[in-house]
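Chemist: Numbering (this note's numbering), first residue to last: 456 to 651.
The beta carbon of each residue, even a glycine, is placed where N, CA and C say it ideally should be.
Please find one structure pasted underneath; my questions will follow.
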């Protein structure tokens, strides 16, 4: 069994370092590396943040597997007792447009795929979420909890649309409209890590 407090601290270090790398490239001219479509691309910020995270986590936990958005899964990911799941820059479209709604997310799952540690850092907003199984979650070091709202009409809902517009012709618009009429309000940030 691993010490979750230590592993959580290691993930926090990697996320902060990635945030620093992202901020060095934020609001600068970008070079776009297109992947599958004009909406699916990476910037130098994506690559710089990923490089920092991979270097740190591989040095700290060489026996853990890694699955990262930009470079995919390493050989250890299929058999490791623990695997890091990394999105070095969630909200690349926002980032490239100079909008501060982007984040780095790092999660650790056990061999059964169950999450044990997770951190989300939105450096331009100064928001740092961190949590570990059995240890609770924090925002900027202060404990957080789920909302006590128990009725839909008082709830502020956050959602997203399918990344690939061609996956769903209406892209959830019918569901969005139904919920909008039943909730306090709805939001979409363009970064799933912050929408969660």
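Going along the chain, which unbroken runs of the alpha helix (DSSP H) with 4 or more residues stay wholly within the segment 508-554?
Modeler: Entirely contained in the segment 508-554, the alpha helix (DSSP H) runs reaching 4 residues are, in chain order, 547-551.
Chemist: Give me the Cα-Cα distance between residue 562 and residue 644, rounded to the nearest whole angstrom.
Modeler: Residue 562 sits at position 107 when you count from the first residue of the chain shown. Residue 644 sits at position 189 when you count from the first residue of the chain shown. Taking the straight line joining both Cα atoms gives about 20 Å.
Chemist: Under 8 Å, with one C-beta from each stretch per pair, do the segment 500-515 and the segment 608-616 reach the 3-pair mark?
Modeler: Contact fails: fewer than three Cβ-Cβ distances are below 8 Å.
Chemist: From what residue to what residue does the beta strand (DSSP E) around residue 564 run?
Modeler: Within the chain shown, the letter at position 109 stands for residue 564. From DSSP, the beta strand (DSSP E) with residue 564 extends over 558-565.
Chemist: In whole angstroms, what is the alpha-carbon distance linking residue 590 and residue 498?
Modeler: Counted from its first residue, the chain shown places residue 590 at position 135. Counted from its first residue, the chain shown places residue 498 at position 43. Using only the alpha carbons, I get a separation of about 35 Å.
Chemist: Any contact between the segment 559-573 and the segment 594-609? By contact I mean 3 or more CB pairs, one from each, below 8 Å.
Modeler: Output reads no: the segment 594-609 does not touch the segment 559-573.
Chemist: If you draw a straight line from the alpha carbon of residue 477 to that of residue 648, how long is it in whole angstroms?
Modeler: Taking the first residue of the chain shown as position 1, residue 477 is located at position 22. Taking the first residue of the chain shown as position 1, residue 648 is located at position 193. Going from the Cα of residue 477 to the Cα of residue 648 covers about 16 Å.
Chemist: Where residue 586 and residue 574 are concerned, what is the direct C-alpha to C-alpha distance, given to the nearest angstrom?
Modeler: For this step, residue 586 is matched to residue 131 along the chain shown. For this step, residue 574 is matched to residue 119 along the chain shown. Each residue's alpha carbon lies about 6 Å from the other.
Chemist: Is residue 513 near residue 537, with beta carbons less than 9 Å apart?
Modeler: Position 58 of the chain shown holds residue 513. Position 82 of the chain shown holds residue 537. The answer is no: Cβ separation not under 9 Å.
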